[in-house]
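In this note's numbering, the protein residues as written are -7 to 638. From the three backbone atoms N, C-alpha and C, an ideal C-beta is built for every residue, glycine too.
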């Protein structure tokens, strides 16, 4: 089933044409990605489809009753409610249905309703219809769904009563995403949903979206995420949109092969055209061959010649070099504690050894102190305790994800020239040109640049330093997919040492030779890329569980008789609770069947016309529901006791 069609859509801003004759189609359960350069028009197209922006020509066809949910980039919730209250606003229609069900139940419990069979029949019909609709819409599980999504987005029960207004910008963005996921629209439109998510939350979101019941249209610069989720890619380039079937890696392969085929066909056509033109030129003036040459000329004029295939758009081209080599030992960190002061220690017991040409990725959840650790290494923050030792001839080049080292009041040109004043302007402009700053672009003030432009300018400064130890904090943030690829290639060819923080798992896989997991209590090192880290961490967790189980067994054999008796009592109580839970579940199932039978009986004309029989059945129904509620409460209490025993 087609849920969205875009036909011949065009959009311009003043004289700049952003989109031209765009055609796009989304079927139910499609997972679609829009990819392309920053400024290509991806977010503009999303806003147009979501109804947030007008378009100049073309049409957008959305079937009736199809719901669309849109998460704009950098959007955060603004609300005076608590986190839980804000999430519950998604379910207002369900709550109204629930209130109506309670009203109908009260009406059915009133003996006077049986005096009017027509009225009673109407109430029962409405109740039956509403109950089925309530169940199908998730009326009996929406609170559980809410807790599950909030947990996935790292909002835990102790935070539910926290006001939304007290959250950070990143938390409000995550909460906006959680709210949108709970609303379950038929078409989910996400613009950079992976911003502000750590690796653990990204993994949860991937699994959630894989099983999402509707269709998804997204823009993301996270290539690992795209490979996991999408099955269709639309490339936005030079105002046009081209469709590729498959994930992001498939798109890259298909695009390269298509370019090779088009180039080969174009070259063949050009050879054919050149031969025709040569024949015409040689034979047009000759009486014996003039007629044939004129015929070939007409053929040449009539033929449709393909344009030269458009290669990749202009890309940044840069590489990192070093002034002189460092010693073999680059960095030693022993028992380091980091934070902003002694009362706010973020992480402690950090130990790390980095050697020449190591590529070390620091990973860990948001808030654990990854950026703080890098700032401590580059001496922007003091070490609270422990030791940091730098090797011989180590020169550090630091990339700050917030670009705090850039001067907002300077021009792009002066940002570099003021630090290297002895270089001629032409050389500075050449460097900036490598990072796509050309012509009047270099006279722009830094504070007028986009996030991607600031990132490229910061990388230009980093390249100029020729440091032999690069410390990079989220270097791929704000970069489009093409710029990320250029940066990866530059770092892979870099002859120095790299220490970096990144949430980009594709980037980590390409660059890292070691992954160091940072927690509040220290560090753990994995000798490999991101995939190796995930695999090894899973193995270590399984090994730890096995060792814990063995240790528990040994401990049990060593315990004295009294503790063994206590353990036996606990196991005995566990078995008792388990049996009781099974009995309650069986009773609840039987009661649910009886409730369904009675509700069906009450719908029969011969029953609701018999006042006494209907009243008797209604009383029995009320009693069964009360018993069911009591059993449900007992089941919950026993289940909680069982969990505590375990």
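Can the beta-carbon of residue i be found closer than 8 Å to that of residue j?
i	j	result
residue 364	residue 330	yes
residue 644	residue 500	Missing from the structure shown is residue 644; the chain here goes from -7 to 638 and no further.
residue 48	residue 3	yes
residue 222	residue 23	yes
residue 351	residue 318	no
residue 63	residue 183	yes
residue 528	residue 517	no
residue 339	residue 510	yes
residue 641	residue 452	Here the chain covers residues -7 to 638 and nothing more, so residue 641 does not appear.
residue 210	residue 258	no
residue 323	residue 342	no
residue 99	residue 125	no
residue 310	residue 486	no
residue -4	residue 10	no
residue 497	residue 216	yes
residue 571	residue 637	no
residue 45	residue 594	no
residue 266	residue 275	no
residue 612	residue 590	yes
Helix, strand or coil, according to DSSP, for residue i in the structure here?
i	result
residue 149	helix
residue 396	coil
residue 59	coil
residue 365	helix
residue 126	helix
residue 32	coil
residue 186	coil
residue 360	coil
residue 0	strand
residue 379	strand
residue 331	strand
residue 49	strand
residue 89	helix
residue 13	strand
residue 338	strand
residue 67	coil
residue 154	coil
residue 316	coil
residue 105	helix
residue 96	helix
residue -6	strand
residue 54	coil
From the DSSP output, read off the bridge partner residues of residue i.
i	result
residue 511	514
residue 461	388, 489
residue 353	492, 507
residue 326	379
residue 8	5
residue 403	437
residue 321	347
residue 447	DSSP output for residue 447 lists no bridge partner at all.
Where residue i and residue j are concerned, what is the direct C-alpha to C-alpha distance, given to the nearest angstrom?
i	j	result
residue 50	residue 167	35 Å
residue 129	residue 171	16 Å
residue 605	residue 134	36 Å
residue 631	residue 618	20 Å
residue 295	residue 208	42 Å
residue 469	residue 214	10 Å
residue 321	residue 358	29 Å
residue 272	residue 279	13 Å
residue 574	residue 447	60 Å
residue 419	residue 391	22 Å
residue 642	residue 234	What the structure shows of the chain is the stretch from -7 to 638, and residue 642 is not part of that stretch, so it cannot be assessed.
residue 402	residue 376	35 Å
residue 187	residue 67	10 Å
residue 190	residue 393	15 Å
residue 642	residue 269	Past the boundaries of the shown model lies residue 642; the chain is included only from -7 to 638, so the question cannot be answered.
residue 162	residue 251	40 Å
residue 41	residue 623	50 Å
residue 114	residue 597	12 Å
residue 76	residue 97	28 Å
residue 255	residue 28	21 Å
residue 488	residue 151	44 Å
residue 404	residue 437	6 Å
residue 230	residue 1	14 Å
residue 95	residue 576	29 Å
| query | Going along the chain, which unbroken runs of the alpha helix (DSSP H) with 4 or more residues stay wholly within the region 466 to 504? | reply | Whole alpha helix (DSSP H) segments, 4+ residues: 473 to 484, 497 to 503.
| request: Output the residue ranges of the alpha helix (DSSP H) runs that lie fully inside the region 210 to 298 and measure 4 residues or longer, sorted by chain position. | output: Within the region 210 to 298, the complete alpha helix (DSSP H) runs of at least 4 residues are 215 to 221, 240 to 275, 282 to 294.
| task | Go through the region 156 to 209 residue by residue and report every complete run of the alpha helix (DSSP H) that reaches 4 residues or more, in order. | result | The qualifying runs are 161 to 175, 191 to 202.
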